[in-house]
Every structure is written in C-alpha cells, then in structure tokens.
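Structure first, then comments.
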Amino acid sequence: MGASVNPAYRGRIAPSPTGQLHLGHARTFWVAHERAKARGGTLILRNEDLDRDRVRPEFVTAFLEDLRWFGIQWQEGPDCGGPQAPYSQSERRSEYQSIFEVLRSTGWLFPCTCSRKDIQSAVAAPHAADDEPIYPGTCRHRSATEITPGRPVSWRFRVPEGVPEGQVLSWIDGGQGPQSWVAGRDFGDFVVLRPDGVPSYQLACVTDDHAMGITEVVRGADLLVSTARQLLLYRALGWTVPDFFHCPLMTDEQGVRLAKRHAALSLRALRDQGRSPAELRESWK
Ligand code: GLU
225 MGASVNPAYR
235 GRIAPSPTGQ
245 LHLGHARTFW
255 VAHERAKARG
265 GTLILRNEDL
275 DRDRVRPEFV
285 TAFLEDLRWF
295 GIQWQEGPDC
305 GGPQAPYSQS
315 ERRSEYQSIF
325 EVLRSTGWLF
335 PCTCSRKDIQ
345 SAVAAPHAAD
355 DEPIYPGTCR
365 HRSATEITPG
375 RPVSWRFRVP
385 EGVPEGQVLS
395 WIDGGQGPQS
405 WVAGRDFGDF
415 VVLRPDGVPS
425 YQLACVTDDH
435 AMGITEVVRG
445 ADLLVSTARQ
455 LLLYRALGWT
465 VPDFFHCPLM
475 TDEQGVRLAK
485 RHAALSLRAL
495 RDQGRSPAEL
505 RESWK
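The sequence shown lines up with residues 225 to 509 when you count with my numbering.
What follows is the structure, encoded as structure tokens:
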C-alpha cells in the first residue's frame, strides 16, 4: 500500500521558463516537495510562462527534466494533467481576465499612463535593489472609467491608505517567522495588468493559487514583499489566505544571490559535472 494521501494539503512549485534552474531553485522546490510529502499532500507544478518576451519553450522541457532528475515528484502539472488543468499560465488568460474584471468593477484598480521613466524620475530614491520603486501616485485618483480610448494603460491596484502609515500586512511565516509589511511605505500601488494586456505575476499567482486550492505557498524570500501585495488581493477578493513558507536565498561564494546568470550553478551544469542530487542536497545542510 502506498503512503496515504492527505487531500487537505496542496502545495506547489512554480518555475518560470526564462532560463535554466539553478541550485537556489532546487532548494526551494525541494523544500516544497518535502513539505507536501511529509504531510501526505499533493504537489502541483505550475508553469509560469506569461512573460512572452522572456519565456522560451525549451526551458519548459529543461525544467521538467531537471526537476525529475533532482528527484522532485508532483501529482498535477502540465505534463501529467489534473483536476485544475491547464497548468501553464499562458493557457489560463481567461481566468485572469475575469478576476481582473472583478477587481476593476469593485473599484480597487485605476488606469495608469505613467511610463517606467516617469516613475523613476518621480521617486526620490530607488527602493530595495530588486524590487520596483514605490509608485508616486500620479494616476491613483483616476476612476476606472477615466481612460482615453486608444491610449495604452496599465491597471494598478490602489493600496489602502491607512493612518498614519498605511495598512499593515502581517503573517507568521513558516520559514522566516513573524512578518509585517506596510502598504504605501514598503510597496506602493502595483500593476495587475500591463499595457499589452498581460496580467502581472501578482494577479496570475493569486488567481491560480486560489483556483488550484493551494493551502501552503513555499517560495524564495525575495518574494516576501510580493506576498504582502498578494495578501491585499486575497482581502479584496474575499478569498481564504494560504499559509506561507519563504525559503532563504542561496548566494554564491561572493555573497551574491544566485540568479539565472550563474550558469555554472545551473542544475544542468552540475549534472554534466557528474554531481548527484544527493550530494547537492548534502551540500546545503
Ligand atoms: N515563477 C516564480 C519564480 O520563478 C515563482 C513565484 C512563486 O513561487 O510564487 O520566481
């Protein structure tokens, strides 16, 4: 008899096919895999292939192969199907569109015509190195109907303005402990739909995690502030919030966070060098 399945726990791994997976991804995905397995739960693989400019289909083939080689097993995904199919975001555009309409019709969104340059020059100092600058508020008082036909707009979520400091988003993170982020101070009005009609990561991720019945989100600690943004979307939509577990980020020998440009630490390169998954897992203990 196989291990019993706990239908209550649903976790996911969500690679983006924009480059080769590296050791940092492997560690986060391994944690997700282990947590689902320990709870007799289900692990879902979601292909986050929305960013048409950066996505390449060969990276989907590559991540499927690399994850399997590493020993990660999932029960639902683009390769094996499942009750919440499709599992590739590029095939779920109508879902995002309908949630976008809900948010727009309930007054959470405003149309924004600011360019990246407008925003950069309006903010005094860049925020966290790898996060977007805080939106200066130029278009935030526009209503959803105030759009000039033919002019491309992005749609932003108007983060609640609290007194004195904005709305506090708090949760107990499984990996990083108590978290507290302030809307308007730590992050500003964020994009949910780009001018080219592509939904943002925040909108797509929350829509999918809800639709796929995810009970715990395991992801890298670089996404803590995104989690805070996403909590506002859950609140606005009246949806149950999953648990969160943020994994520490992996750095190279110089202390620089691993990124897709660290080709030497891609799973593929490590495999070609003859390293085994067990040995790699041993190295991060
Ligand atoms: N697709 C995202 C990434 O590769 C993961 C996002 C998430 O886990 O929510 O960084």
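Here a beta-carbon is modelled for each residue, glycine too, at the ideal position from N, C-alpha and C. Small disclaimer: the values here were computed from a predicted structure and weren't measured.
Does the pairing of the segment 436-445 with the segment 408-420 give three or more beta-carbon distances under 8 Å? As far as the Cβ criterion goes, the segment 436-445 does not touch the segment 408-420, which means the pair count is below three.
On the DSSP bridge assignment, give the partners of residue 471 in chain order. Among the bridge pairs identified by DSSP, residue 471 is matched with 444.
Taking contact to mean at least 3 C-beta pairs separated by less than 8 Å, is the segment 361-372 in contact with the segment 325-339? yes
Might you give, ordered along the chain, the residues of its own chain that have their beta carbon closer than 7 Å to the beta carbon of residue 226, omitting 5 neighbours on each side? No answer about residue 226 holds up, because its pLDDT of 46 lies below 50 and its placement is not dependable.
Burial state of residue 479, where buried means 16 or more other Cβ atoms lie within 10 Å: exposed
Round the Cβ separation of residue 407 and residue 427 to the nearest angstrom and send it over; I've been treating them as touching at under 8 Å. In this structure, residue 407 and residue 427 do not form a Cβ contact; the two beta carbons are roughly 17 Å apart against a cut-off of 8 Å.
Kindly indicate which three-state DSSP category residue 318 falls into: helix, strand or coil? helix
Identify whether residue 367 lies in helix, strand or coil by the three-state DSSP scheme. For residue 367, the three-state secondary structure derived from DSSP is coil.
Is it a yes or a no for the segment 227-242 touching the segment 264-281, going by three-plus beta-carbon pairs under 8 Å? yes
Buried or exposed: where does residue 488 fall if 16 or more other Cβ atoms within 10 Å of its Cβ makes it buried? exposed
Alpha-carbon spacing of residue 458 relative to residue 326, whole angstroms: 12 Å
What does DSSP give as the partner residues of residue 392 in its beta bridges? Residue 392 pairs with 406.
Can you give the Cα-Cα distance for residue 375 and residue 254, rounded to whole angstroms? 45 Å
Can you tell me whether DSSP reads residue 466 as helix, strand or coil? Coil, per DSSP.
With DSSP as the reference, identify every bridge partner of residue 334, one or two as the case may be. Paired residue(s): 380.
With distances taken between CB atoms, is the gap from residue 403 to residue 397 smaller than 7 Å? yes
In terms of residues, what are the limits of the beta strand (DSSP E) holding residue 236? Segment 234-237, the beta strand (DSSP E) holding residue 236.
Using the Cα positions of residue 351 and residue 357, report the straight-line distance between them to the nearest angstrom. Model confidence at residue 351 stands at a pLDDT of 46, short of 50, so the residue's coordinates are unreliable; what they give is reported in the following sentence. Taking the straight line joining both Cα atoms gives about 5 Å.
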